[in-house]
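Right, one structure below, let's go through it.
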Amino acid sequence: MAYHQNREFDLDENREIDLNKEFDMTEKIISLERENDLLLRKVDKLEGTHIVELKAKEREIEQRKKMLQELDIRWKNHKDLVCLMKDRLAEDQVNQLLRKIDKLEAKHRIELEVKEREIRDLKQMLQAKEELLERRVNEMLTKFSKSQNNLENHENALCQMLIESELVGGSSGVNMDN
Numbered sequence: 018m019a020y021h022q023n024r025e026f027d028l029d030e031n032r033e034i035d036l037n038k039e040f041d042m043t044e045k046i047i048s049l050e051r052e053n054d055l056l057l058r059k060v061d062k063l064e065g066t067h068i069v070e071l072k073a074k075e076r077e078i079e080q081r082k083k084m085l086q087e088l089d090i091r092w093k094n095h096k097d098l099v100c101l102m103k104d105r106l107a108e109d110q111v112n113q114l115l116r117k118i119d120k121l122e123a124k125h126r127i128e129l130e131v132k133e134r135e136i137r138d139l140k141q142m143l144q145a146k147e148e149l150l151e152r153r154v155n156e157m158l159t160k161f162s163k164s165q166n167n168l169e170n171h172e173n174a175l176c177q178m179l180i181e182s183e184l185v186g187g188s189s190g191v192n193m194d195n
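Each residue of the sequence shown is one higher than the last, beginning at 18 in the numbering used here.
Next up, the structure:
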């Protein structure tokens, strides 16, 4: 009788340990999902900021182009009235503005490429983390399933031993009465 009470206690203790393992795995999964959500929000925020910055730069370029076009139109309208030196000066200014615009466009294009690379890298990192998370979850589920199967096998073996000990104990008692 004392043997059976000890075995029942051991089973309850194993169940508590298995429940703690299951709880730890659930906490790990929840933690990884939170980390995944934070990374997704960070990527969304970076993409939003990048788009806003890009649109602002495009508006600035368009304003400068419009200003340049207006200067060009004014220059053409007053061309006959302005002396050759002023024409050259204005032309130089326009060329400088055009060069500045070209430089700005090149700079913004490079910045855009860098931002796009950063976003692509973040997406790849996020995808790798998601794949790792999925593998870990699958591994944990496999381990949990194996542990559950082992527990069921141990329970079945204990039940079988209990039945066999009851049968052996009951048989020897009957033989003694005869």
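Note that the Cβ used here is the ideal one computed from N, Cα and C, for glycine as well.
Task: DSSP three-state assignment for residue 74, whether helix, strand or coil - done: Reduced to three states, the DSSP call for residue 74 is helix.
Open item on the list: Considering only the alpha carbon of each residue, which of 47, 54, 61 and 48 lies closest to residue 135?
Closed with: Ranking 47, 54, 61 and 48 by Cα distance to residue 135 puts 61 first.
TODO: Work out the CA separation of residue 178 and residue 190 for me, nearest whole Å.
DONE: Its pLDDT being 48, under 50, residue 190 is placed unreliably by the model, and nothing is read from it.
- [ ] Taking only heavy atoms of the ligand NAP into account, decide whether any of them is closer than 8 Å to the Cβ of residue 103.
- [x] Questions concerning the ligand NAP fall outside what the structure shown contains, since it holds no ligand whatsoever.
TODO: Out of 127, 47, 83 and 118, point me to the one whose CA is closest to residue 150's CA.
DONE: Checked all of 127, 47, 83 and 118; the closest Cα to residue 150 is 47.
TODO: Please confirm if the stretch 66–84 is in contact with the stretch 156–169, defined as three or more CB-CB distances below 8 Å between the two stretches.
DONE: Contact fails between the stretch 66–84 and the stretch 156–169, because fewer than three Cβ pairs, one in each stretch, are under 8 Å apart.
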